[in-house]
DNA sequence: ACATAGATTGGTTGTACACCCAATCTATGT
DNA sequence: ACATAGATTGGGTGTACAACCAATCTATGT
């Protein structure tokens with residue numbers, strides 16, 4: 001009896017709407033009402049699917065990192081180039097249209113993490129995990145510090161992309177490749 | 001007759017308090033009341049010195065960039081090393097105590113700029129100006145794109161520093177030097 | 001066809017904030 | 001000493017929001 005769960009689907013839809021509203025109107029403009037409207041849904045439904053705003057931010061962070069990793073994995077499997085260069089290309093494939101939203105959403109999540117200890121910890125763990133993942137991909141050619149530096153460059157390019165998408169698209173990926181070459185041993 | 005104006009001094013004090021509150025409690029926690037308390041001043045005084053919150057954010061951005069440039073200039077005049085390496089060292093001298101506040105304040109201003117068009121434009125101009133300043137310092141050894149990449153790395157290190165101060169302090173400056181070496185011609 | 005559990009709605013409530021302002025205070029020039 | 005302009009106070013006001021909830025709807029199993 002009863003219906004199957006739409007929870008997962010709805011959560012995803014609402015999180016996407018959340019990212020769009022954040023990107024356009026920032027933290028202050030991202031009211032539950034605005035998010036609901038963007039998702040084409042009643043305000044109460046947001047609370048039915050998310051405990052509170054913390055929950056929304058947490059889900060958004062998961063979705064952002066999932067999107068990032070998906071881009072990386074999709075690229076790595078289809079090409080036969082150097083895995084580090086492929087990583088750089090995929091991570092920084094900043095087409096100015098769609099991923100400006102992601103870049104701005106990242107900014108908002110970074111800022112929100114300043115006031116939400118749980119989100120802050122989650123962010124730390126994600127950064128650590130991403131550094132580790134990059135180290136593994138490098139197979140010994142990158143130290144932890146150098147992998148961190150590469151990730152810092154990527155994050156910085158996202159910030160740049162949030163403010164000057166066109167420019168960031170121009171320098172991000174080539175710069176990352178050069179940085180990787182400079183930092184990786186042998 | 002009448003008293004001399006304390007406006008400039010008060011604005012500076014309140015802006016410093018603003019940065020501290022933002023760093024500790026984020027955008028949501030940075031209420032006028034909280035800022036006033038941190039500055040040891042009555043709430044009304046904040047409005048006496050700042051038109052509104054936009055004004056506060058704008059002043060904070062100016063103060064952050066001024067601090068950044070001051071670090072750079074102080075360093076460049078005292079040492080006789082390569083100007084680009086000096087730039088990297090000074091920009092990324094992230095001692096984990098004091099400048100974590102600045103790093104987090106930067107995050108908050110980035111996020112706020114998403115919802116405040118004036119602040120957004122100001123940020124764009126500041127990024128452009130900083131890229132130009134770096135190009136000049138490089139005396140032809142850096143293209144605009146490569147200077148942008150270096151600045152992106154610096155910004156990314158700030159973000160990293162906001163979340164993992166100790167780690168960022170370890171890799172930021174050395175990484176920047178290697179990036180500069182890889183990007184600068186001759 | 002009917003019963004049921006979950007989905008969805010939109011109005012209500014309490015709270016917390018930015019901004020305002022009237023009153024008071026204090027340092028300076030005359 | 002007095003007058004003046006700015007500094008400073010703290011509470012008042014309206015607004016806007018998150019969170020809640022009672023009512024209604026709808027898909028699915030039986």
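Chains as they are written, first to last, in the numbering used here: chain A, 1 to 186; chain B, 1 to 186. Glycine included, C-beta positions come from ideal geometry on N, C-alpha and C.
What's the gap between the Cα of residue 126 of chain A and the Cα of residue 85 of chain A? Your numbering for residue 126 of chain A matches position 126 in the first chain. Your numbering for residue 85 of chain A matches position 85 in the first chain. The straight-line gap from Cα to Cα measures roughly 21 Å.
Chain A contact for residue 138 of chain B (CB, 8 Å cutoff)
Translated into positions along the second chain, residue 138 of chain B becomes position 138. By this cut-off, residue 138 of chain B is not an interface position.
Presumed contact (8 Å Cβ cut-off) between residue 183 of chain B and residue 142 of chain B, rounded CB distance: In the second chain, counting from the first residue as 1, residue 183 of chain B sits at position 183. In the second chain, counting from the first residue as 1, residue 142 of chain B sits at position 142. Beta-carbon to beta-carbon, residue 183 of chain B and residue 142 of chain B are separated by about 6 Å, close enough to satisfy the 8 Å threshold.
* To do: Find out if the Cβ-Cβ distance for the pair residue 49 of chain A, residue 7 of chain A is shorter than 8 Å.
  => Numbered from 1 along the first chain, position 49 holds the residue referred to as residue 49 of chain A. Numbered from 1 along the first chain, position 7 holds the residue referred to as residue 7 of chain A. Taking 8 Å as the Cβ cut-off, residue 49 of chain A and residue 7 of chain A qualify as a contacting pair.
For residue 139 of chain A, which of helix, strand or coil comes out of DSSP? Against the first chain, residue 139 of chain A aligns to sequence position 139. Three-state result, residue 139 of chain A: coil.
key: Span of the alpha helix (DSSP H), counted from its first residue to its last, around residue 13 of chain B   = Here the question's residue 13 of chain B lines up with position 13 in the second chain. From DSSP, the alpha helix (DSSP H) with residue 13 of chain B extends over 7-29.
| request: Output the distance between the C-alpha atoms of residue 24 of chain B and residue 108 of chain B, rounded to the nearest integer angstrom. | output: Mapped onto the second chain, residue 24 of chain B falls at position 24. Mapped onto the second chain, residue 108 of chain B falls at position 108. For residue 24 of chain B and residue 108 of chain B, the distance between alpha carbons rounds to 11 Å.
Handout entry: Residue interval of the alpha helix (DSSP H) (run including residue 44 of chain B)
Key = In the second chain, residue 44 of chain B corresponds to position 44, counting from 1. It spans 43-49 - the alpha helix (DSSP H) in which residue 44 of chain B sits, taken as one unbroken run.
*Taking just the CA atoms, how far does residue 69 of chain B sit from residue 87 of chain B?*
Along the second chain, read from residue 1 onward, the residue named residue 87 of chain B stands at position 87. Along the second chain, read from residue 1 onward, the residue named residue 69 of chain B stands at position 69. Those two C-alpha atoms are separated by around 10 Å.
Could you please give the first and the last residue of the uninterrupted alpha helix (DSSP H) stretch that includes residue 3 of chain B?
Within the second chain, residue 3 of chain B is the residue found at index 3, counting from 1. It is not in any alpha helix (DSSP H) - residue 3 of chain B carries neither H nor E in the DSSP assignment.
Distance between residue 149 of chain A and residue 199 of chain B (C-alpha atoms, nearest Å): This structure cannot settle anything about residue 199 of chain B, because the visible part of chain B is limited to 1 through 186.
*Terminal residues of the alpha helix (DSSP H) in which residue 180 of chain B lies*: On the second chain, residue 180 of chain B is found 180 positions in, with the first residue counted as 1. First-last of the alpha helix (DSSP H) with residue 180 of chain B: 165-183.
**Item:** Per-residue burial, residue 73 of chain B [other beta carbons within 10 Å of its own, 16 or more giving buried]
**Value:** The residue given as residue 73 of chain B occupies position 73 in the second chain. It is exposed - the Cβ of residue 73 of chain B has fewer than 16 other Cβ atoms within 10 Å.
- Task: Kindly indicate which three-state DSSP category residue 73 of chain A falls into: helix, strand or coil?
- Result: In the first chain, residue 73 of chain A corresponds to position 73, counting from 1. The answer is helix: DSSP assigns residue 73 of chain A an H, G or I state.
message: So with CB distances below 7 Å, who are the chain B contacts of residue 153 of chain A?
response: One-based indexing of the first chain puts residue 153 of chain A at position 153. Simply 152, 153, 156.
Practice task
Could you tell me which chain A residues have their CB closer than 7 Å to the CB of residue 112 of chain B, listed as they occur along the chain?
Solution key: For the purposes of this step, residue 112 of chain B is identified with residue 112 of the second chain, where counting begins at 1. Those are 26, listed as they occur along chain A.
**Study point:** Cβ-based neighbour list, residue 153 of chain A, same chain, cut-off 8 Å, excluding 5 preceding and 5 following
**Key:** Locating residue 153 of chain A in the first chain gives position 153, counting from the first residue. Only 175, 176, 179 meet the Cβ criterion.
Query - Helix, strand or coil at residue 40 of chain B according to DSSP, with G and I counted as helix - result: Counting from 1 along the second chain, the entry for residue 40 of chain B is found at position 40. Note: residue 40 of chain B maps to coil in three-state DSSP.
Original post:
Per DSSP, what kind of secondary structure is residue 80 of chain A in: helix, strand or coil?
Top reply: Position 80 of the first chain holds residue 80 of chain A. In the structure shown, residue 80 of chain A sits in coil (DSSP, three-state: anything other than H, G, I, E or B).
TODO: On a CA-only basis, which of B:169, B:173, B:121, B:92 is nearest residue 57 of chain B? Give me that one, please.
DONE: For the purposes of this step, residue 57 of chain B is taken as the residue at position 57 of the second chain. Checking every option, the nearest Cα to that of residue 57 of chain B belongs to B:121.
Notebook entry, point to check: Going by the beta-carbon positions, is the gap between residue 11 of chain B and residue 66 of chain B smaller than 8 Å?
Noted result: The residue labelled residue 11 of chain B in the question sits at position 11 within the second chain. The residue labelled residue 66 of chain B in the question sits at position 66 within the second chain. No, they are not a contact pair.
* Asked: How about residue 145 of chain A and residue 44 of chain B: do their beta carbons lie closer than 8 Å?
  -> Mapped onto the first chain, residue 145 of chain A falls at position 145. Mapped onto the second chain, residue 44 of chain B falls at position 44. Result no, Cβ atoms of residue 145 of chain A and residue 44 of chain B do not sit closer than 8 Å.
(message) I'd like to check one pair, residue 160 of chain A with residue 155 of chain B: are the Cβ atoms closer than 8 Å?
(response) Taking the second chain and counting its residues from 1, the one referred to as residue 155 of chain B is at position 155. Taking the first chain and counting its residues from 1, the one referred to as residue 160 of chain A is at position 160. Inclusion of residue 155 of chain B and residue 160 of chain A in the CB contact set at 8 Å is warranted, their separation being smaller than that value.
ask   = According to the neighbour-count rule (16 or more other Cβ atoms, all chains shown, within 10 Å of its Cβ), is residue 26 of chain A buried or exposed?
value = Position 26 of the first chain, counted from the start, is the residue given in the question as residue 26 of chain A. It counts as buried.
Q) residue 117 of chain B: which of B:93, B:151, B:54 sits nearest, CA to CA? A) Your numbering for residue 117 of chain B matches position 117 in the second chain. Of the candidates B:93, B:151, B:54, the one whose C-alpha sits nearest the C-alpha of residue 117 of chain B is B:54.
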